[in-house]
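Colleague: Sharing a structure below in structure tokens format, with a few things to ask.
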Amino acid sequence: MKTYLDLMRHILADGTEKGDRTGTGTRSVFGYQMRYDLQKGFPMLTTKRVHWKSVVHELLWFVRGDTNLRYLVKSGVRIWNEWPFQYYLGKNGLTEKFPKYSPEWKAEMKSFVERIINDDEFAGKWGDLGPVYGKQWRNFNGVDQLAGVIDSLKNNPDSRRHIVTAWNPEDIPEMAKAGLPPCHTLFQFYVADGKLSCQLYQRSADVFLGVPFNIATYALLVHLVARECGYGVGDFVHTLGDAHLYSNHMNQVQEQLSRQPGKLPKLEITPDAPGIFEIGYEDITLLDYDPMPSIKAPVAV
Ligand SMILES: Nc1nc(=O)c2c([nH]1)NC[C@@H]1CN(c3ccc(C(=O)N[C@@H](CCC(=O)O)C(=O)O)cc3)CN21
Ligand SMILES: O=c1ccn([C@H]2C[C@H](O)[C@@H](COP(=O)(O)O)O2)c(=O)[nH]1
Numbered sequence: 013m014k015t016y017l018d019l020m021r022h023i024l025a026d027g028t029e030k031g032d033r034t035g036t037g038t039r040s041v042f043g044y045q046m047r048y049d050l051q052k053g054f055p056m057l058t059t060k061r062v063h064w065k066s067v068v069h070e071l072l073w074f075v076r077g078d079t080n081l082r083y084l085v086k087s088g089v090r091i092w093n094e095w096p097f098q099y100y101l102g103k104n105g106l107t108e109k110f111p112k113y114s115p116e117w118k119a120e121m122k123s124f125v126e127r128i129i130n131d132d133e134f135a136g137k138w139g140d141l142g143p144v145y146g147k148q149w150r151n152f153n154g155v156d157q158l159a160g161v162i163d164s165l166k167n168n169p170d171s172r173r174h175i176v177t178a179w180n181p182e183d184i185p186e187m188a189k190a191g192l193p194p195c196h197t198l199f200q201f202y203v204a205d206g207k208l209s210c211q212l213y214q215r216s217a218d219v220f221l222g223v224p225f226n227i228a229t230y231a232l233l234v235h236l237v238a239r240e241c242g243y244g245v246g247d248f249v250h251t252l253g254d255a256h257l258y259s260n261h262m263n264q265v266q267e268q269l270s271r272q273p274g275k276l277p278k279l280e281i282t283p284d285a286p287g288i289f290e291i292g293y294e295d296i297t298l299l300d301y302d303p304m305p306s307i308k309a310p311v312a313v
């Protein structure tokens, strides 16, 4: 995972100070590409612990076309909580009562999450993130893009049109409300020598917090789609637009850069597990993941 650490070094060396929507401030570069050969192991960061359970559940949530927070929080995934919560505060005139990141805000978010889990009506009303990834992958104005691309990968592997896009301009305002306009915007598959590769265009990349998840998510997607189509795994090519380090992550970045990358883990999928649309969390295992300790950092909302 030196590739990832090189990206951090590049932003520190060549990036520009830039303001951003969240008011946090970033150091940023525009345009960067990384390549991970999935034959060499599963590209999960070893220089800090990444929450594997969140990677798997979030991807299954996308693949099943779900857009409600409930499945995630019930599965112990916390990474999407802030956005629907902030939307809920706004809609109920509570933004000022609970200033972002204050202890009261954190406590209120905890009870918000409890209600999402326990109260059907509340979850239906406030848990939905809008027409985010799951919606666009499975039902982009009526088109099931993921099923379509799997079909074309099986039947017409040489095609140069194996594309799934989450960027639905008509839906962007709706996504901007409770969720976010998609950061992983478009991906393309490619088949050569019986191996499946994938390139992702990510328009905006929080390099310390988001990118380790994004790499693992897409590596896992390649494994699941390759298995579905009977191919081996090739490369994951990760292309970034605005690649940034938030100004309040700099100490964490230095800590991470001081660590030596270790051996990559391996992915194991239960041989008789169902296909991509029915597969469960228990069927997907990361073997020999032995990372250095996690490094906490605040997420910019
Ligand atoms: N500013 C920002 N960065 C992101 O990476 C991001 C967003 N916003 N908004 C939408 C999603 C949510 N994602 C997130 C959100 C939080 C974490 C995070 O806090 N990760 C911690 C704790 C993970 C846990 O154990 O729950 C980490 O150490 O990785 C990571 C990705 C990725 N996306
Ligand atoms: O999968 C994801 C989702 C989000 N991010 C980061 C990138 C930015 O820091 C924020 C989104 O803010 P915008 O103002 O909409 O660009 O979230 C990520 O890295 N990966």
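Counting from 1, position 175 in the sequence shown corresponds to residue 187 in the numbering used here; the numbering is continuous, with no gaps. For glycine and all other residues, C-beta sits at the position ideal for the given N, C-alpha and C.
What does the alpha-carbon distance come out to for the pair D247 and L101?
Modeller: One-based indexing of the sequence shown puts residue 247 at position 235. One-based indexing of the sequence shown puts residue 101 at position 89. Each residue's alpha carbon lies about 42 Å from the other.
Colleague: With burial defined as no fewer than 16 other Cβ atoms inside 10 Å of the residue's Cβ, what is the status of E70: buried or exposed?
Modeller: Residue numbering aside, residue 70 sits at position 58 when the sequence shown is read from its first letter. By the neighbour-count rule (16 or more Cβ atoms within 10 Å), E70 is buried.
Colleague: Please report the distance separating the alpha-carbon of L24 from that of D18.
Modeller: The residue you call residue 24 lines up with position 12 of the sequence shown. The residue you call residue 18 lines up with position 6 of the sequence shown. Straight across, the Cα-Cα distance linking L24 with D18 is about 10 Å.
Colleague: Smallest Cα separation from V62: which of L276, E280, V234?
Modeller: Numbered from its first residue, the sequence shown carries residue 62 at position 50. For V62, the nearest C-alpha among the options comes from L276.
Colleague: Pick out the complete beta strand (DSSP E) segments inside the segment 15-62, 3 residues or longer, and give them in chain order.
Modeller: 28-30, 38-49
Colleague: Using a 10 Å radius around the Cβ and a threshold of 16 neighbouring Cβ atoms, would you call D78 buried or exposed?
Modeller: Position 66 of the sequence shown, counted from the start, is the residue given in the question as residue 78. With 16 or more Cβ atoms within 10 Å of its Cβ, D78 is classed as buried.
Colleague: Grouping DSSP H, G and I as helix and E and B as strand, with all else coil, what is S123?
Modeller: As a position in the sequence shown, residue 123 is number 111, starting the count at 1. S123: helix per DSSP, three-state reduction.
Colleague: Helix, strand or coil: how does DSSP classify N167 here?
Modeller: If you number the sequence shown from 1, residue 167 lands on position 155. Here N167 carries a helix assignment [DSSP, helix/strand/coil].
Colleague: Determine, for K109, whether the minimum Cβ-Cβ distance to residues of chain C falls below 9 Å.
Modeller: Absent from the structure is chain C; it holds one protein chain and no more.
Colleague: Could you tell me the alpha carbon to alpha carbon distance between G154 and I184, rounded to whole angstroms?
Modeller: Indexing the sequence shown from 1 puts residue 154 at position 142. Indexing the sequence shown from 1 puts residue 184 at position 172. Take the alpha-carbon of G154 and the one of I184: they are about 16 Å apart.
Colleague: Taking only heavy atoms of ligand 1 into account, decide whether any of them is closer than 8 Å to the Cβ of Y258.
Modeller: Here residue 258 corresponds to residue number 246 of the sequence shown, with the count starting at 1. The answer is yes for Y258.
Colleague: State buried or exposed for A204, treating a residue as buried only when at least 16 other CB atoms are found within 10 Å of its CB.
Modeller: Within the sequence shown, residue 204 is the residue found at index 192, counting from 1. The residue in question, A204, is exposed, as its Cβ has fewer than 16 Cβ neighbours within 10 Å.
Colleague: Roughly how many angstroms lie between the CA atoms of N34 and I128, to the nearest whole one?
Modeller: By one-based count along the sequence shown, residue 34 stands at place 22. By one-based count along the sequence shown, residue 128 stands at place 116. Sequence inspection shows Thr at residue 34; the Asn mentioned does not correspond to that position. Distance between the alpha carbons of T34 and I128: 25 Å.
Colleague: Could you name the residues of the same chain whose beta carbon sits closer than 6 Å to that of C241, not counting the 5 residues immediately before and after it, in chain order?
Modeller: Numbered from 1 along the sequence shown, position 229 holds the residue referred to as residue 241. Once the five neighbours on either side are set aside, the close Cβ partners of C241 are L165, K166.
Colleague: Quick check on DSSP: helix, strand or coil for R150?
Modeller: As a working mapping, residue 150 is identified with position 138 in the sequence shown. Helix, per DSSP.
Colleague: State the start and end residues of the unbroken alpha helix (DSSP H) segment that holds R82.
Modeller: Translated into the one-based positions of the sequence shown, residue 82 becomes position 70. Run containing R82: 81-86, per the alpha helix (DSSP H) assignment.
Colleague: Put K207 into one of helix, strand or coil per three-state DSSP.
Modeller: Numbered from 1 along the sequence shown, position 195 holds the residue referred to as residue 207. K207 falls in the strand class under three-state DSSP.
Colleague: With DSSP as the reference, please indicate the residues paired to S216 in a beta bridge.
Modeller: In the sequence shown, counting from the first residue as 1, residue 216 sits at position 204. For S216, which the question treats as bridged, DSSP gives the partners D254.
Colleague: Between which two residues does the alpha helix (DSSP H) harbouring L192 extend?
Modeller: Here residue 192 corresponds to residue number 180 of the sequence shown, with the count starting at 1. Careful: L192 lies outside any alpha helix (DSSP H) and carries neither H nor E.
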